[in-house]
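Participant: Sequential numbering from 20 applies to the sequence shown in this note's numbering.
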Amino acid sequence: MRLFFAPGTCAVAPWIALRWAGARFEPVKVDYASAEFKRINPLAQVPALDLGGPRAMTQADAILGYIAETYPDARLGPDDDPMGRFEFAETMAFLTGDFHPAFWPLFGPQRFTADPSQEALDQVRKAAEGRIDRVMQHLDNLIGAEGHVYRNRRTVADAYAFVMARWSAKVAKTWKDYPNIARLFDWMNRDADVQEALRLSTA
Ligand SMILES: N[C@@H](CCC(=O)N[C@@H](CS)C(=O)NCC(=O)O)C(=O)O
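1) Would you kindly report the start and end of the unbroken alpha helix (DSSP H) that includes K145?
2) Does the stretch 79 to 96 come into contact with the stretch 158 to 178, if we say contact requires no fewer than three beta-carbon pairs (one atom in each stretch) closer than 8 Å?
3) Output the distance between the C-alpha atoms of P66 and S220, rounded to the nearest integer angstrom.
4) Going by C-alpha to C-alpha distance, which of A42, G27, F122, A79 sits closest to K145?
5) Relative to the C-alpha of G71, which residue among L203, I59, S53, G41 is closest?
6) Between which two residues does the beta strand (DSSP E) containing P46 stretch?
7) Tell me where the beta strand (DSSP E) around L68 begins and ends.
8) Which first and last residues belong to the beta strand (DSSP E) in which R21 is found?
9) Taking Cβ to Cβ, would you say V31 is nearer than 8 Å to A147?
10) Exposed or buried, R38, counting other C-beta atoms within 10 Å across all chains shown (16 or more means buried)?
11) To the nearest angstrom, report how far apart E109 and M76 are at their CA atoms.
12) What does the Cβ neighbour count give for G84, buried or exposed, with the cut at 16 atoms within 10 Å?
13) Give me, in chain order, the residues of the same chain whose beta-carbon lies closer than 6 Å to that of L140; leave out the 5 immediate sequence neighbours on both sides.
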């Protein structure tokens, strides 16, 4: 099994989840804009997970769900009841459909304006900060005092939220300004698998 990743991206979340699951995998660092990687994911985005089949799996949310389901002993997925599954799906939909896109204008401002000037790009980045604050606040509320994104235990949602909330270090109001996110960071940063994933993925 090969995990295609780029440093600092959401692809580090499946890396952490695979470690928590005790899975054997080979991390492969890619240039997502390269022609070679576009043959693996035509959308030119990481993560992608290659199980050796006709095509690699894509979409972080779906890959994390696959990991949780494939390694049930690690208990990284939802509780097995309708409300438990609903809350998990709702949380993952928020992370992939609201949280992640809030950061797109920060990292790719040129995609949000036809004006190539530095001033226009800076304006787009500045405009992104309001939405980033909104989703960070929502994440903080989801985590609550328990320190976990889903209910009160470790799941793939913690890994996913953690790697993306780290991006807030690039704006004025960082993860340190949200007490419950800071609580999540506190235990995640002490987790040996997380430490290894962060170290090796940036090496
Ligand atoms: N919908 C995709 C989005 C993945 C995504 O945007 N990945 C970023 C890294 S966090 C990326 O590859 N960006 C490169 C680009 O969009 O050019 C998913 O959830 O996996």
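In this text, a Cβ means the ideal position worked out from N, Cα and C, and glycines have one as well. Keep in mind that this is a model prediction, so the values were computed, not measured.
Facilitator: Taking the coordinates as given:
1) As a working note, residue 145 is residue 126 in the sequence shown. K145 -> alpha helix (DSSP H) spans 137 to 162.
2) yes
3) Position 47 of the sequence shown holds residue 66. Position 201 of the sequence shown holds residue 220. The straight-line gap from Cα to Cα measures roughly 13 Å.
4) Locating residue 145 in the sequence shown gives position 126, where the first residue counts as 1. When each option's Cα is compared against that of K145, the closest is F122.
5) One-based indexing of the sequence shown puts residue 71 at position 52. Selected option, being the one with the closest Cα: I59.
6) For the purposes of this step, residue 46 is identified with residue 27 of the sequence shown, where counting begins at 1. Counting along the chain, the beta strand (DSSP E) containing P46 begins and ends at 45 to 48.
7) Here residue 68 refers to the residue found at position 49 of the sequence shown. 67 to 69 is the span of the beta strand (DSSP E), which, as asked, contains L68.
8) As a position in the sequence shown, residue 21 is number 2, starting the count at 1. Looking at the DSSP string, the run of the beta strand (DSSP E) that includes R21 is 21 to 24.
9) Taking the first residue of the sequence shown as position 1, residue 31 is located at position 12. Taking the first residue of the sequence shown as position 1, residue 147 is located at position 128. Cβ atoms of V31 and A147: not closer than 8 Å.
10) Here the question's residue 38 lines up with position 19 in the sequence shown. Buried, since its Cβ has 16 or more Cβ neighbours within 10 Å.
11) Looking up residue 109 in the sequence shown gives position 90. Looking up residue 76 in the sequence shown gives position 57. Between E109 and M76, the C-alpha separation is close to 21 Å.
12) One-based indexing of the sequence shown puts residue 84 at position 65. Result: buried.
13) On the sequence shown, residue 140 is found 121 positions in, with the first residue counted as 1. Here the set comprises P128.
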